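Some notes on the structure that comes next.
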Amino acid sequence: MLRIRNLRSGYGSLEVIKGISLHVERGEIVALIGANGAGKSSLLASIVGLLPPWGGSIVLDGREIFGIPAWRCVSHGVVLVPEGRQLFPDLSVRDNLVVGGYRNKDRNLDIDQVLERFPRLRERSAQMAGTLSGGEQQMLAIARALVARPRLLLLDEPSMGLAPLIVKDVFAIIRGLRDLGTTVFLVEQNAVMALAAADRGYVLETGEVVMEGRGADLMTNPDVKCAYLGKASKEIWE
Amino acid sequence: MRVIDRDRETMRPDLREQVQLERLQALLVRLRRNVRRYRDQLGDARVESLGQLAQLPFTTPEDLVDAFPYGMFALPLREVVRLDSLVGPEGRQLVTGHTWNDLKLWGRLTARQLVAAGVTSNDVIQVCFGGGVFPQAFGYMLGAEVVEASVIPEDTLHVDYQLQVLQNYRTTTLITTPTNAADLMALLRSQRLDPQSLQLRTVLLTRPTSPEQRNELETGLFARVRCGFGVSEILDPGFCVECEEGRLHVNEDAFLVEVVDRELVVTTLCHEAMPLLRYRTRVAGAAERVKCDCGRTGLVLTPGERLDGCQRVDEIPLYEKQVEDVLRKTRAAGQPFLIAISEHHITVAIEVSEDFFGDQMRGLEQLRREIQSEVLSRLGIHAEVQYVAPGAARRG
Chain A
1 MLRIRNLRSG YGSLEVIKGI SLHVERGEIV ALIGANGAGK SSLLASIVGL LPPWGGSIVL
61 DGREIFGIPA WRCVSHGVVL VPEGRQLFPD LSVRDNLVVG GYRNKDRNLD IDQVLERFPR
121 LRERSAQMAG TLSGGEQQML AIARALVARP RLLLLDEPSM GLAPLIVKDV FAIIRGLRDL
181 GTTVFLVEQN AVMALAAADR GYVLETGEVV MEGRGADLMT NPDVKCAYLG KASKEIWE
Chain B
239 MRVIDRDRET MRPDLREQVQ LERLQALLVR LRRNVRRYRD QLGDARVESL GQLAQLPFTT
299 PEDLVDAFPY GMFALPLREV VRLDSLVGPE GRQLVTGHTW NDLKLWGRLT ARQLVAAGVT
359 SNDVIQVCFG GGVFPQAFGY MLGAEVVEAS VIPEDTLHVD YQLQVLQNYR TTTLITTPTN
419 AADLMALLRS QRLDPQSLQL RTVLLTRPTS PEQRNELETG LFARVRCGFG VSEILDPGFC
479 VECEEGRLHV NEDAFLVEVV DRELVVTTLC HEAMPLLRYR TRVAGAAERV KCDCGRTGLV
539 LTPGERLDGC QRVDEIPLYE KQVEDVLRKT RAAGQPFLIA ISEHHITVAI EVSEDFFGDQ
599 MRGLEQLRRE IQSEVLSRLG IHAEVQYVAP GAARRG
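Protein chains in written order, with my numbering: chain A, 1 to 238; chain B, 239 to 634.
Encoded structure:
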């Protein structure tokens, strides 16, 4: 569904995405894990056009979307749930969903379906988004994206700032998206949760992919264990 | 089609190219970071397409010898859970290492071969090579565990005993070498045993054999015969899968294969402990893209002969240099010699002059026994020793 080849991007003269290639197949949940500053969010920003890419190609269902502006990305079915949720705090839950579906003619129907899926949001549909708990806000951010009927949903650090128990709930929602047939590309620092939820994963280090594989295999990969799962620092045998 | 990893074994060409490029790029990053030898060779080299693979440096068996034991490892030794000692160029020692994930991958890739051969969880698999335990045997056992078949890892030199195990355990799949399979068939014939009285359905040979031998074994053992192929430094078994059509399909999600000057050159895309970039296998071969009726899309391989003088005696790899090294430790050191290879033994013809043995025939007999004993204990191979006149062991 999504094919990225040799994508390069950065800020000013600083290259932060150094020729990344990756793909996401229809119906898959794919996780991209990496430490702070590895370039995860910059990669998502480059895909959706928030950060102009320098080179390479981004193909969605056979169509080149490299460098298209962010607002056109949504019409191609690529929807981003940004880091830190970025809700409209002074709008109600329902109004946030309306904004999310601004291009969707059937948004009222879809909003009802989404609220059916997230009963906690239905209970709070008239409440201001800024007054929701962190977990509920993340739920709303995902729900807002679903109203836009994404073919490919990009999630940027969905667990950020959430309590461990709430993180579990959020990942249960993400796994549930598979049942809806939604394709998910997930960027996370929480490697354990992300790889457990994902079919496949990529490991990003300083702007380069160092490993690709099934989620379960990456969890037992020595490099991943060292970098993200709290194992002792590595020594190279020489 | 019998297949265990349909999404990988029948990958569309565009997806295969994408997966291979991604894995190659990630491999280059890992090699540059973790293996000094590659760091020096690669510098800042990057590839943006598989077409640029040819710009990357080769790895040779001699590189592995130079870096012996751990210089090619991309991870600290404590992450390595299996070390396989191999015979390298000129009989020198090589080592390959595997992490847990490497072993998991090995099992999975080997399972593809077993499933293609019709093995299921209902099967009883007997892994016996008839000449001691080869690293290959462990690979087959890993694969059998993935398929959840019952495995008998019994290996004995006595073909009589192998036959007893076949009968008593009602083995349905025999994994063995072509030499050992032929020995078993000969034993059945000599004992006038009907092969149909066995439960054997499949014989999986560790390496390709001639169509004639395959037919003979199929008749003699009354089972379908399938062949594997691998390169021990890369992966054997698990490198490729022989399909129902008799074609060897490379597991291209894990290996990138090129043919350079008739030689198979392989890049390991998924190995963690000891990944190899453009490894010159010293095996001749051809590779072609064929639309196969089995549905697999992996490159079809036709392996050929060894290009480095490595021969097989009783399935044990042998270089002439190894025999020379053994002779050097005896009184025959420095004498010209020739080796003739038979299926089960070698014949060493050593030039001797009158002044070498004088009138002491007993000394020659002693030397013969010494050489036989040394070749057997050091190389695991039976040797016959002949003395020939000066000049008779020179190559024409």
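Beta carbons are placed, not taken as given, at the ideal position from N, Cα and C, and that holds for glycine.
Here the structure is a predicted model, which is why all the values come from computation and not from measurement.
(request) Put B:S643 into one of helix, strand or coil per three-state DSSP. (result) Because chain B here runs from 239 to 634, residue 643 of chain B falls outside it and cannot be looked at.
(request) Could you tell me whether the stretch 183-195 of chain A touches the stretch 302-316 of chain B, where touching means 3 or more Cβ pairs closer than 8 angstroms? (result) The answer is no - the stretch 302-316 of chain B does not touch the stretch 183-195 of chain A, with fewer than three Cβ pairs under 8 angstroms.
(message) Under 9 angstroms, CB to CB, which of the residues in the stretch 20-52 of chain A have a partner in chain B?
(response) The residues in question are I20, S21, L22, H23 and E25.
(message) I need the straight-line Cα distance from B:A419 to B:K559, nearest angstrom please.
(response) Whole-angstrom Cα-Cα distance: 29 angstroms.
(request) Check the Cβ-Cβ distances between B:T506 and every residue of chain A, and say whether any is below 8 angstroms. (result) With 8 angstroms as the cut-off, B:T506 does not count as an interface residue toward chain A.
(request) List the endpoints of the continuous alpha helix (DSSP H) containing A:I174. (result) Counting along the chain, the alpha helix (DSSP H) containing A:I174 begins and ends at P164 to D179.
(request) Give a yes or no on whether the minimum CB-CB distance between A:E208 and chain B is below 8 angstroms. (result) Using beta-carbon distances, A:E208 counts as an interface residue toward chain B, with a partner under 8 angstroms.
(request) Give the secondary structure of A:E25 by DSSP, where H, G and I count as helix, E and B as strand, and everything else as coil. (result) The answer is coil: DSSP assigns A:E25 none of H, G, I, E or B.
(message) Can you pull the chain B neighbours of A:M211, defined as C-beta to C-beta under 8 angstroms?
(response) Within 8 angstroms Cβ-Cβ: A264 and R268.
(request) For B:R408, collect the residues of the same chain with a Cβ closer than 7 angstroms to its Cβ; drop the 5 residues on either side in sequence, then sort them by chain order. (result) Apart from sequence neighbours up to five positions away, the residues of its chain that approach B:R408 with a beta-carbon distance below 7 angstroms are V362 and Q437, ordered along the chain.
(message) Given this structure, state the Cα-to-Cα distance separating B:I242 from A:K18, to the nearest angstrom.
(response) Pairing B:I242 with A:K18, the inter-Cα distance amounts to about 35 angstroms.
(message) Which of the three DSSP states is assigned to B:V590 in this structure?
(response) B:V590: coil per DSSP, three-state reduction.
(request) Just grab the DSSP bridge partners of A:D95 for me. (result) According to DSSP, A:D95 bridges with nothing at all.
(request) Mind the definition here: the stretch 71-79 of chain A touches the stretch 110-120 of chain A only if three or more C-beta pairs lie below 8 angstroms; say whether that holds. (result) Too few Cβ pairs lie closer than 8 angstroms, so no.
(request) Could you list which residues in chain A have their beta carbon closer than 8 angstroms to that of B:R350, in chain order? (result) The premise fails here: B:R350 is roughly 15 angstroms from chain A at the closest Cβ pair, so nothing lies under 8 angstroms.
(request) Spatial neighbours of A:S42 within its chain, please: CB distance less than 7 angstroms, with the 5 preceding and 5 following residues excluded, ordered by chain position. (result) Excluding positions up to five away in sequence, the list reads S9, V16, I17 and L51.
(message) By alpha-carbon positions, which one of A:S133, A:R117 and A:G27 ends up nearest to A:M1?
(response) Of the candidates A:S133, A:R117 and A:G27, the one whose C-alpha sits nearest the C-alpha of A:M1 is A:G27.
(message) Against chain A, with Cβ distances strictly below 8 angstroms, would B:W344 count as a contact?
(response) No, B:W344 does not count as interfacial toward chain A.
(request) Count the CB pairs spanning the stretch 564-578 of chain B and the stretch 586-604 of chain B that are closer than 8 angstroms, and state whether there are at least three. (result) Contact check between the stretch 564-578 of chain B and the stretch 586-604 of chain B: three or more CB pairs, one atom from each, fall below 8 angstroms, which counts as touching.
(message) What residue range does the alpha helix (DSSP H) around A:I47 cover?
(response) It spans K40 to I47 - the alpha helix (DSSP H) in which A:I47 sits, taken as one unbroken run.
(message) Below 9 angstroms on C-beta distance, what does B:L259 contact in chain A?
(response) Ordered by position in chain A, the residues that pass the 9 angstroms Cβ test against B:L259 are R5, N6 and S21.
(request) Consider the Cβ of B:R284: report whether some Cβ of chain A lies at a distance smaller than 8 angstroms. (result) True, the Cβ-Cβ gap to chain A drops below 8 angstroms.
(message) Buried or exposed for B:G536, going by 16 or more other Cβ atoms inside 10 Å?
(response) With 16 or more other Cβ atoms inside 10 Å of its own Cβ, B:G536 counts as buried.
(request) Examine the Cβ distances between the stretch 81-93 of chain A and the stretch 141-155 of chain A and report whether three or more of them are shorter than 8 angstroms. (result) Touching, per the Cβ criterion.
(message) Can you check which of these residues, B:E456, B:R330, B:L442 and B:L288, is closest to B:E300 by C-alpha distance?
(response) Closest by C-alpha distance to B:E300, out of B:E456, B:R330, B:L442 and B:L288, is B:R330.
(request) With DSSP as the reference, please indicate the residues paired to B:C465 in a beta bridge. (result) Beta-bridge pairing links B:C465 to B:L443.
(request) Please report how far the alpha carbon of A:W237 lies from the alpha carbon of B:P449, in whole angstroms. (result) Residue confidence is low: A:W237 scores 43 on pLDDT, short of 50, so the model does not pin down where it sits. Its coordinate-derived value is still stated next. Their backbone Cα atoms lie some 46 angstroms apart in a straight line.
(request) Indicate the three-state DSSP secondary structure (helix, strand or coil) for A:D156 in the structure shown. (result) Correct three-state label for A:D156: strand.
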